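Worksheet for the structure shown next.
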DNA sequence: ATGAAAGCGCTAACAA
DNA sequence: TTGTTAGCGCTTTCAT
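Protein chains in written order, with our numbering: chain R, 353 to 686; chain A, 353 to 686.
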């Protein structure tokens, strides 16, 4: 059996309240007893039972994180950031990978509810009404990271996807490209799909290149889909010399396709990605991409839910973080 | 306030024990009351409090997972497998990323202890005596995944690293290569470093190629280190025509270096990786590699700790899973 | 400064 | 079949 506070009390020959005090307000107990208690704790390897504490505090000091796809390196970054923040703030973290499955996500919320997590961070996915209802029904505070909601007024941390996409496309235009395509996220199951598309369109319009607006194919989060989308894009518009991809993984899929078709990147076609995953410097050629502050996004999300939990509200509801274009090898002047 | 069992009882006009019964042994309560209770549960969105339950059952139905580096895709796979198994077995999962930091790992064990996790899965790292002592001190059962311990008798699930490495090198030899190098893990901070090295040596010896034994450089888990190691390897032994890399990430680093040196893969040099990460089919060229059943490893690890938890022991202590050589584009006949 | 005792939400033994 | 009650390990009044 694991030792309880009673065992410690017995060994130190004090009452259990005294033991409790050395753990929660050491200064209120006299030195001699305190050290006896600490010795006992040490030798018994005593750890207070979080269940008992939770029952009293009505807090678990645990946060839940819901992510759509753990095999996407993007989330590895937000997990790291969030976990570091959790350490700083004294929380444990419960990470759940939904694989973009609605049922699964809903059942994770139940688990969070039962485990009494103090707050939830919901990452990168569309906040469907069912999710919202359930979360609100459970009375668990939550924030969004790399996501937002137009319907509901939920705190969130993300970058400005529209501007980021605009920057990427503008960069391509300034390189002299006139025939520009895009591999985007489907609008109906992605949160950043629409704004990135808008950024693409705005840049095109601003530079009188609106004839490109139709040169777009959508893919479903993964490399293979982007490969296929690139195939469709280049079959339909062989004149394209530059492609804006809304994810590094899409950029890799596109380049892979181009390679198989013997089209050289960046010699014949320039490609810019999005996210700046660790992978983007490992790929050949190294990816020109829009860098998101992935780690910081995760970190801030944890701070934000903590703010919400402790103060009851949040100073800035919709927080935008900075993105940055990083030029590497997959793009070149036309 | 979140509703308690008392609120449900009041609304359904029964005693709290009856409510408890409909949750734990529904058949023992009469239909009429049961449905009243279920209605109440529904409308109140009641979830039993895991703290209270934990206090009684002395179980948290939560497992802890310790991984060294969440930005390594390898672990994404074991997490997925483990989480799926956890769903099946009724556990929640607490994932902690140690970043290979001893202090951090130790403090995560404390957190697990406090949170009363039922068991711990320790992934892919060396089980240092401090860890072992601490784990045993906490009386938390644990198993190793993609790891093992020679000093302690701990249940584990892994592949046969020696044989896998042997297979990879043998494949290169049978392709006609005579000058073969290796990029390995440092032996002092990796668990699979030594056996994979042994496999390399055995294959060499078996085919009379022992002059290659010295052609080895070590790297530290990451792409950049492998790039540097490849630089050293090829500077020292420019005659090399094939390289066995003990990780896909190393293979990518090596190929990247070769590319920068204008050495063609697989035209001039063949490279084989290890792990078969999702990435390995995204890279150019696609990686020939030793596939580990990563997902299954995670899945089995969860089943194993569950077995240990429920039966008190484990049927097969050291479990080996199958690896498989997958030939793709990064290797070619000499 | 310290101890006794109530109570957090639940389960299980016991009574009815 | 159902209700009453003790008690899981802890914190926190309230006395002392």
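Glycine included, C-beta positions come from ideal geometry on N, C-alpha and C. These numbers come from a predicted model, not from an experiment.
Shortest Cα-Cα distance from residue 636(R) to any of 611(R), 542(R), 534(R) involves 611(R). Residue nearest to residue 487(A) within the set 474(A), 412(A), 372(A) is 474(A) (criterion: CA-CA distance). Cβ-Cβ distances below 8 Å link residue 441(R) to 654, 655, 658 in the same chain, with the five nearest sequence neighbours on each side left out; the list follows chain order. In the displayed model, residue 439(A) falls within a helix according to three-state DSSP. For residue 518(A), the closest alpha carbon among the candidates 526(A), 554(A), 536(A), 598(A) is that of 554(A).
DSSP places residue 650(R) inside the alpha helix (DSSP H), whose first and last residues are 646–663.
Residue-level contact check: residue 490(R) touches chain A, since one or more beta carbons of chain A fall below 8 Å from its beta carbon.
Nearest C-alpha to residue 606(A) among 503(A), 396(A), 682(A): 682(A). In this structure the region 407–417 of chain A lies against the region 395–412 of chain R, because at least three pairs of beta carbons, one per stretch, are closer than 8 Å. Straight across, the Cα-Cα distance linking residue 418(A) with residue 456(A) is about 10 Å.
Between residue 564(A) and chain R, the shortest Cβ-Cβ separation is not below 8 Å. In this structure, DSSP gives residue 587(R) a helical state, which the three-state scheme calls helix.
Looking at 522(A), 447(A), 621(A), the one whose alpha-carbon comes closest to that of residue 603(A) is 621(A).
By the rule that beta-carbons nearer than 8 Å mark a contact, residue 660(A) does not touch chain R.
Less than 8 Å separates the beta-carbon of residue 472(R) from that of residue 494(R). Residue 399(A) reaches chain R at 462, 465, 466, 490, counting residues in chain order whose Cβ is nearer than 8 Å.
In this chain, the beta strand (DSSP E) harbouring residue 510(R) covers 508–511. At a cut-off of 8 Å between C-beta atoms, residue 644(R) does not count as an interface residue with respect to chain A. For residue 359(A), the closest C-alpha among the options 399(A), 387(A), 378(A), 668(A) is that of 399(A). For residue 404(R), no beta strand (DSSP E) encloses it; the enclosing alpha helix (DSSP H) starts and ends at 402–409. Here residue 569(A) has 535, 581, 584, 585 as same chain residues with Cβ atoms under 7 Å from its own Cβ, once five neighbours each way along the sequence are excluded. By the neighbour-count definition (other C-beta atoms within 10 Å, threshold 16), residue 443(A) is a buried residue.
Here DSSP, grouped into helix, strand and coil, assigns residue 497(A) to strand. In this structure, the alpha-carbon of residue 549(R) lies about 11 Å from that of residue 566(R). Within the DSSP bridge table, the entry for residue 449(A) names 419(A) as partners. By the criterion of a C-beta distance shorter than 6 Å, residue 479(R) is surrounded in its chain by 501, once the five residues flanking it on both sides are discounted. Closest in C-alpha terms to residue 619(R), from the list 595(R), 557(R), 506(R), 686(R), comes 686(R). Judged by their CB atoms, residue 640(R) and residue 666(R) are not nearer to each other than the 8 Å cut-off.
Inter-residue distance for residue 370(A) and residue 395(A) is about 17 Å (C-alpha atoms, whole angstroms). Look at residue 440(R): its C-beta is not under 8 Å from any C-beta on chain A. Approximately 16 Å separates the beta-carbon atoms of residue 461(A) and residue 499(A); this is outside 8 Å, ruling out the contact.
Beta-bridge pairing by DSSP links residue 677(R) to 642(R).
In the structure shown, residue 391(R) adopts helical secondary structure according to DSSP, grouped into three states. Closest option to residue 538(R), judged by alpha-carbon separation, among 564(R), 573(R), 531(R), 513(R): 573(R). Under a criterion of Cβ atoms nearer than 8 Å, the residues of chain A adjacent to residue 423(R) are, in order, 425, 428, 429, 432, 630. Counting only unbroken stretches of 4 or more residues, the alpha helix (DSSP H) elements lying wholly within the region 543–589 of chain R are 545–558, 575–588, in sequence order.
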